[in-house]
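Right, one structure below, let's go through it.
Residue numbers (the numbering used here): 107 to 390.
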């Protein structure tokens with residue numbers, strides 16, 4: 107794979123370092139690097155060569171649809187589960203969100219056979235696709251951010267625990283599929299999130315070192331994966347409380363991609379034009 111040289115590629119082995127701004131707590135950053143098996147992060151800046159995004163709840167506002175599809179499917183197919191009651195959003199967020207179907211089903215319903223689990227998961231995914239046909243939108247500011255990153259020569263990838271068919275459907279419906287030359291699917295990795303393998307594979311596919319990349323994630327499972335792979339990770343607070351994402355290892359938490367702290371950080375890494383573009387998009 108060949109890529110045009112960019113300013114971000116110069117000094118490519120220098121660590122990507124968060125600037126000392128925007129409410130970051132240095133101690134939490136040192137903990138992040140300790141988990142990644144690398145030295146503490148400095149505050150002197152660095153190179154940004156790639157950005158990897160989770161999909162549901164991070165690039166697109168799809169987690170509500172996944173919750174509704176699972177809640178309906180479990181009540182219909184396993185009426186004895188959860189005392190015959192529909193699962194709550196809190197249950198979904200804490201026990202299911204961001205995880206692979208086989209793993210989460212085995213945990214919440216240990217007596218259900220793997221074969222039955224496959225049928226449940228397939229039924230849920232079909233329900234999700236029906237619900238979301240023509241109804242998936244990119245998270246606020248996501249498209250503008252992708253424009254800014256692409257203009258700066260930053261490589262882009264998606265890392266998701268969703269099955270490939272669901273990934274293609276979701277990104278296609280949101281008109282984002284063509285933005286990403288690299289998509290890593292957890293089912294196709296040695297281990298899915300929360301293990302680091304998907305992000306390690308994503309960095310390898312983009313031909314960057316983890317310390318040159320950042321990740322955006324909305325779930326503790328995804329943050330754990332990205333942090334363990336060595337990526338500076340920014341939380342997206344669409345489904346979990348900021349405190350939960352920070353505890354998982356996020357450097358800080360945004361709620362959309364017009365966030366002023368994010369714009370400031372991008373300006374320090376990519377130049378004032380990047381900062382102005384993000385803030386300008388949010389003002390429109």
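Positions of the beta carbon are idealized from the N, C-alpha and C atoms, including for glycine.
To the nearest angstrom, report how far apart residue i and residue j are at their CA atoms.
i: residue 438; j: residue 390; result: Outside the displayed range of the chain (107 to 390) lies residue 438, so it cannot be described from this structure.
i: residue 199; j: residue 344; result: 11 Å
i: residue 331; j: residue 386; result: 32 Å
i: residue 321; j: residue 368; result: 12 Å
i: residue 350; j: residue 362; result: 17 Å
i: residue 357; j: residue 318; result: 15 Å
i: residue 328; j: residue 277; result: 18 Å
i: residue 312; j: residue 176; result: 33 Å
Relative to the C-alpha of residue i, which candidate in the options has its C-alpha closest?
i: residue 289; options: 337, 263, 280; result: 263
i: residue 283; options: 159, 153, 154; result: 159
i: residue 296; options: 267, 227, 361; result: 267
i: residue 285; options: 193, 269, 165; result: 165
i: residue 244; options: 230, 261, 319, 167; result: 167
i: residue 218; options: 186, 381, 191; result: 186
i: residue 382; options: 201, 334, 250; result: 250
i: residue 238; options: 317, 196, 275; result: 275
i: residue 269; options: 303, 210, 279, 206; result: 206
i: residue 214; options: 232, 312, 189; result: 189
i: residue 196; options: 380, 169, 279; result: 169
i: residue 265; options: 376, 372, 161, 374; result: 161
i: residue 372; options: 307, 291, 253; result: 253
i: residue 302; options: 335, 248, 174, 281; result: 335
i: residue 171; options: 248, 182, 272, 183; result: 272
With 16 other CB atoms within 10 Å as the buried threshold, where does residue i fall?
i: residue 287; result: exposed
i: residue 241; result: exposed
i: residue 299; result: buried
i: residue 224; result: exposed
i: residue 326; result: buried
i: residue 347; result: exposed
i: residue 150; result: Annotation note: pLDDT 36 at residue 150 (below 50); position unreliable, no value reported.
i: residue 138; result: Caution applies to residue 138, whose pLDDT of 37 falls short of 50 and renders its modelled position unreliable; the value that the coordinates give is listed next. It is buried - the Cβ of residue 138 has at least 16 other Cβ atoms within 10 Å.
i: residue 353; result: exposed
i: residue 379; result: exposed
i: residue 230; result: buried
In three-state terms, what does DSSP make of residue i?
i: residue 323; result: strand
i: residue 192; result: coil
i: residue 370; result: helix
i: residue 261; result: strand
i: residue 338; result: strand
i: residue 160; result: coil
With a cut-off of 8 Å on the beta carbons, I'd call residue i and residue j a contact; round off their distance for me.
i: residue 305; j: residue 337; result: 6 Å
i: residue 364; j: residue 246; result: 6 Å
i: residue 384; j: residue 360; result: That belief does not hold up - the Cβ atoms of residue 384 and residue 360 are roughly 11 Å apart, past 8 Å.
i: residue 211; j: residue 227; result: 6 Å
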